[in-house]
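Participant: My questions will all concern the structure given below.
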Amino acid sequence: MTGLVVVAGLFVVGLVASFASPAVRGRPWALAVLAGAALLGLVLAAPGDAAGWWAVGAAAVTLVAMVGFAVRLARRVAETAPATSLDDERW
Amino acid sequence: MTALVTLVALLPLVGLVGSTWASPRWRATVGLGTAVATTTAAVTLAARVHGTAGAGDALVRLGGLELGLVADGFAVAFVLTTCVVGLAVAAYAAYEDLVARWPRPRGYWPTFLALWACLHVLFLAADLLTAYLMLELIGVAGAALVALGGDRPTLIAATRYFYAELVASTTTLAGLALLWHRAGTVVFADLATVDAEGLALPLAIVTTGLLLKVPLVPLHGWLPPAHALAPSAVSPVLSAVVVKSAFAVLARLWFVGLPDVVTSHAAQLLGALGAVAVVWGSINALRDRTLKLLVAHSTVAQLGLLLLVIPLVAGGGSEAWAGGVVLGVSHGLAKAAMLLAAAILVEDLGRSQVADLAGAAARRPVAVLAFGVAAVSLVGLPPSGGFVAKWYLLVASLEAGQWWWIPVVVLGSLLTAGYLMRVVKVAFAPAPPELPVTPARDARDVIALVLAMSTLLLGLRPTELLELLEVASPFPLVGG
């Protein structure tokens, strides 16, 4: 139950931060919190056998790749943008 | 059949490796060759599933990770759609690479083939975890392909698309974890056998994540700019197939995995959101001045129509299941053809505004014909696949006693006719004096037309697809 509350709390924080973050550059890190919460949830839920750990590992690898790609995209946007307008990029 | 299922799922990965290591001269050849081989394998699988009336299955092991695959009628229908669209787009891109010799970013072919492989594995996925992993990879590959456009507006569109994908993925994963914890399994077939108590919350969380991926109004803001600004050999795949991936997972989870958890209120809510999407997307398409943005907003509207299937199937309308898949397939073919034709027109005229398309029919008659035929299917006029799909939805509405979806389907068709005929009308207007009107065409026009004509073929011969859908269908047989 404690695990569930922690996961839910982290998830809400990540979600709020993801939508509230004004800058393209800052949002990947809010999304990383969100991804971490979801992954922690999977760790707690997955069966403790080898198949469960492989599933957790696969999800972790794809999530890390996604967050990494988000950071890279944000950097590419920053490279093409005048610095003053970056904070105005909202979705 | 196991080997064939595995081959269909993983063949694009062979092309991915090949196109990664090939020299620029050979990259398109490897990509097109892979597209032909994959499509051949998928057609063979479809013929085998149709012929034996039995689903195939396979287990792909990556280390200790087991990806369960099942090739039932539903999965094979979407795999075939992916292949037809993928083959057309590959031929279109290969023409530009090999004949026109236009420069293409190095990452296009490997990423395109990776996306193709992930789509196949997703449609064939026998469990939610496999489907989830593929949704993540599809998000990465899709955004990477959009970002190949390279300019600032396109990069921003790709970034927004990817942020939405990441929020959707993590939401889906959170729901998946809770579902796994409470049900003890995430295999679709096994979920149907567990006690439904306590599974409503995880289903709601997973559904929210998937709706963001579909995307459904009001979670759709990322789609129009991403699809409109994506390169011309990317947006057809995104609009035709990628948007169906989350819908396919949603349909499997709701009606194969957890049918006892689904309530009629929840299904009606999704239908209502779908109806809002039909109106909202169509109104935006009516107001759009840019051709590709108009087609992208049309995708939002058509996805809303697809969501109407949910309350109709939940209400016992088995025709809705068939209508939903035929709608998914026909929309995929028509939308891909339309986007290819739109890209040709924009490139040929050097203008992207709808109002500036005057003379297009005189300059690129085949591309305009492709656009018009695709429009016939999207509107739902006979003899197109869109007509068959909407007919089934209307019948399902009556049979399920849910008459209130009928005006939505009819209004959606009228609005679709309104915004698409606006394009056709301008295209047939006399060209401005400064624009030469020598008719021209190349292989890409023919590719778009063949793809558009396939929607007519689907409308004239829907029997084979409907018979395929009956293989391992969760719903009773439908009348041919």
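Going down the list, the sequences are from chains R and B.
Basically the working numbering = 1-based index in the first sequence + 55.
Basically the working numbering = 1-based index in the second sequence + 2.
Quick reminder that beta carbons are idealized off the backbone N, C-alpha and C, glycines included.
1. Within 10 Å of its beta-carbon, does Pro83 (chain R) have 16 or more other beta-carbons around it, so buried, or fewer, so exposed?
2. Report the neighbours of Ala127 (chain B) on chain A: residues whose CB is nearer than 9 angstroms to its CB, in chain order.
3. Who pairs with Ala73 (chain B) in a beta bridge, going by DSSP?
4. Would you mind telling me which residues of chain R sit closer than 7 angstroms to His229 (chain B), beta carbon to beta carbon, in chain order?
5. If you drop the 5 nearest sequence neighbours on each side, which residues of the same chain put their C-beta closer than 6 angstroms to that of Ser95 (chain R)?
6. Which first and last residues belong to the alpha helix (DSSP H) in which Thr418 (chain B) is found?
7. Can we say the segment 209–220 of chain B touches the segment 187–198 of chain B, given the rule of at least three CB pairs closer than 8 angstroms?
8. Note the first and the last residue of the continuous alpha helix (DSSP H) segment covering Leu471 (chain B).
9. When the Cα of Thr117 (chain R) is compared with those of B:Ser300, B:Ala391, B:Leu422 and B:Tyr134, which residue comes out closest?
10. So with Cβ pairs under 8 angstroms, would you call Gly20 (chain B) a contact of chain R?
11. Would you mind stating whether Ala114 (chain R) and Leu308 (chain B) have Cβ atoms separated by less than 8 angstroms?
12. Applying a beta-carbon distance threshold of less than 9 angstroms, which residues of chain R neighbour Glu138 (chain B)?
13. Of all the options B:Tyr110, B:Tyr165, B:Leu71 and B:Leu231, which has the alpha carbon lying nearest to the alpha carbon of Val348 (chain B)?
14. In terms of DSSP beta bridges, what is Asp129 (chain B) paired with?
15. Note the first and the last residue of the continuous alpha helix (DSSP H) segment covering Pro204 (chain B).
16. Starting from the C-beta of Ser73 (chain R), find all residues in its chain whose C-beta is less than 7 angstroms away, skip the five residues before and the five after it, and write them out in chain order.
17. Relative to the C-alpha of Thr301 (chain B), which candidate in B:Ala372, B:Ala160, B:Ile449 and B:Leu417 has its C-alpha closest?
18. Please work out which residues of its chain come closer than 7 angstroms, Cβ to Cβ, to Val397 (chain B), disregarding the five sequence neighbours upstream and downstream, and give them in chain order.
19. Between Ser379 (chain B) and Ala345 (chain B), how many whole angstroms is the CB-CB distance? I'm expecting something under 8 angstroms.
20. Let me confirm a value: Glu427 (chain B) is counted as buried when at least 16 other C-beta atoms fall within 10 Å, else exposed. Which label applies?
21. Can you tell me which of B:His333, B:Arg106, B:Gly317 and B:Val244 puts its alpha carbon nearest to the alpha carbon of Arg27 (chain B)?
22. Cβ atoms of Leu115 (chain B) and Ala17 (chain B): under 8 angstroms apart, would you say?
23. What three-state label does DSSP hand Glu68 (chain B) in the structure shown?
24. I'd like the span of the alpha helix (DSSP H) that includes Ala377 (chain B), first residue to last.
25. According to DSSP, simplified to helix, strand and coil, what is Thr8 (chain B)?
26. Is Thr46 (chain B) helix, strand or coil by DSSP?
27. At the 8 angstroms Cβ level, is Ala101 (chain R) part of the contact set with chain B, yes or no?
28. Only counting the same chain, and skipping five residues up and downstream in sequence, which positions put a Cβ closer than 7 angstroms to that of Met455 (chain B)?
29. Please list, in chain order, all residues of the same chain as Leu13 (chain B) whose beta carbon is under 8 angstroms from its beta carbon, the five residues on each side excluded.
30. Where does Arg443 (chain B) fall in DSSP's three states?
31. Does Arg130 (chain R) have its Cβ less than 8 angstroms from a Cβ in chain B?
32. Using a Cβ-Cβ distance under 8 angstroms, would Trp111 (chain B) count as near chain R?
33. Could you work out which residues of chain R lie near Ser247 (chain B), taking near to mean beta carbons separated by less than 9 angstroms?
34. What residues are listed by DSSP as bridge partners for Arg63 (chain B)?
35. What number of angstroms, rounded off, separates the C-alpha of Gly259 (chain B) from the C-alpha of Val381 (chain B)?
Facilitator: Working from what's here:
1. Position 28 of the first sequence, counted from the start, is the residue given in the question as residue 83 (chain R). Counting Cβ neighbours within 10 Å, Pro83 (chain R) comes out buried, since at least 16 surround it.
2. As a matter of chain content, chain A is missing from the structure shown, whose protein chains are R and B.
3. Mapped onto the second sequence, residue 73 (chain B) falls at position 71. BP columns for Ala73 (chain B) point to B:Gly58.
4. The count along the second sequence starts at 1 and reaches residue 229 (chain B) at position 227. None at all; the shortest Cβ gap to chain R is about 15 angstroms.
5. For the purposes of this step, residue 95 (chain R) is taken as the residue at position 40 of the first sequence. For clarity, residue 95 (chain R) is Leu in the given sequence; the question names Ser instead. Result list for Leu95 (chain R): Val62, in chain order.
6. As a working note, residue 418 (chain B) is residue 416 in the second sequence. Trp407 to Ala429 is the extent of the alpha helix (DSSP H) around Thr418 (chain B).
7. no
8. Taking the first residue of the second sequence as position 1, residue 471 (chain B) is located at position 469. Here the alpha helix (DSSP H) through Leu471 (chain B) covers Thr465 to Leu471.
9. As a first step, residue 117 (chain R) is located in the first sequence; it is residue number 62 there, counting from the start. When each option's Cα is compared against that of Thr117 (chain R), the closest is B:Tyr134.
10. Position 18 of the second sequence holds residue 20 (chain B). Output row for Gly20 (chain B): interface = no.
11. Mapped onto the first sequence, residue 114 (chain R) falls at position 59. Mapped onto the second sequence, residue 308 (chain B) falls at position 306. Cβ distance not < 8 angstroms, so Ala114 (chain R) and Leu308 (chain B) don't count as in contact.
12. Counting from 1 along the second sequence, the entry for residue 138 (chain B) is found at position 136. The answer, in chain order, is Ala114, Thr117, Leu118, Ala120 and Met121.
13. Looking up residue 348 (chain B) in the second sequence gives position 346. Taking only the C-alpha atoms, the option nearest Val348 (chain B) is B:Leu231.
14. The residue given as residue 129 (chain B) occupies position 127 in the second sequence. Its beta-bridge partners are B:Val189.
15. On the second sequence, residue 204 (chain B) is found 202 positions in, with the first residue counted as 1. Run containing Pro204 (chain B): Ala202 to Lys215, per the alpha helix (DSSP H) assignment.
16. Here residue 73 (chain R) refers to the residue found at position 18 of the first sequence. Here the set comprises Arg82, Ala85, Leu86 and Leu89.
17. As a working mapping, residue 301 (chain B) is identified with position 299 in the second sequence. The shortest Cα separation from Thr301 (chain B) among B:Ala372, B:Ala160, B:Ile449 and B:Leu417 belongs to B:Leu417.
18. Taking the second sequence and counting its residues from 1, the one referred to as residue 397 (chain B) is at position 395. Once the five neighbours on either side are set aside, the close Cβ partners of Val397 (chain B) are Glu321.
19. Counted from its first residue, the second sequence places residue 379 (chain B) at position 377. Counted from its first residue, the second sequence places residue 345 (chain B) at position 343. Not confirmed; about 18 angstroms, so no contact.
20. Locating residue 427 (chain B) in the second sequence gives position 425, counting from the first residue. Residue identity check: residue 427 (chain B) is Lys in the sequence provided, not Glu. Under this definition Lys427 (chain B) is an exposed residue.
21. As a working note, residue 27 (chain B) is residue 25 in the second sequence. Nearest of B:His333, B:Arg106, B:Gly317 and B:Val244 to Arg27 (chain B), Cα basis: B:Arg106.
22. Translated into positions along the second sequence, residue 17 (chain B) becomes position 15. Translated into positions along the second sequence, residue 115 (chain B) becomes position 113. The amino acid occupying residue 17 (chain B) in the given sequence is Gly; Ala does not appear at that position. Yes, the pair counts as a contact, with Cβ atoms nearer than the cut-off.
23. In the second sequence, residue 68 (chain B) corresponds to position 66, counting from 1. Of the three classes helix, strand and coil, the one that applies to Glu68 (chain B) here is strand, per DSSP.
24. Against the second sequence, residue 377 (chain B) aligns to sequence position 375. Residues Pro367 to Val381.
25. In the second sequence, the residue the question calls residue 8 (chain B) occupies position 6. Reduced to three states, the DSSP call for Thr8 (chain B) is helix.
26. Residue 46 (chain B) sits at position 44 when you count from the first residue of the second sequence. Helix, per DSSP.
27. As a first step, residue 101 (chain R) is located in the first sequence; it is residue number 46 there, counting from the start. Judged by the 8 angstroms Cβ criterion, Ala101 (chain R) is in contact with chain B.
28. Numbered from its first residue, the second sequence carries residue 455 (chain B) at position 453. Answer for Met455 (chain B): Val375, listed in chain order.
29. Looking up residue 13 (chain B) in the second sequence gives position 11. The residues are Thr36, Ala39, Thr40, Ala43 and Ala119.
30. Here residue 443 (chain B) is taken as the residue at index 441 of the second sequence, counted from 1. Note: Arg443 (chain B) maps to coil in three-state DSSP.
31. Along the first sequence, one-based indexing puts residue 130 (chain R) at 75. So, not an interface residue.
32. Locating residue 111 (chain B) in the second sequence gives position 109, counting from the first residue. No, Trp111 (chain B) does not count as interfacial toward chain R.
33. The residue given as residue 247 (chain B) occupies position 245 in the second sequence. Those do not exist, as Ser247 (chain B) stays about 15 angstroms from chain R at its closest Cβ, beyond 9 angstroms.
34. Position 61 of the second sequence, counted from the start, is the residue given in the question as residue 63 (chain B). Arg63 (chain B) is bridged to B:Glu68.
35. Walking along the second sequence from the start, residue 259 (chain B) turns up at place 257. Walking along the second sequence from the start, residue 381 (chain B) turns up at place 379. Distance between the alpha carbons of Gly259 (chain B) and Val381 (chain B): 33 angstroms.
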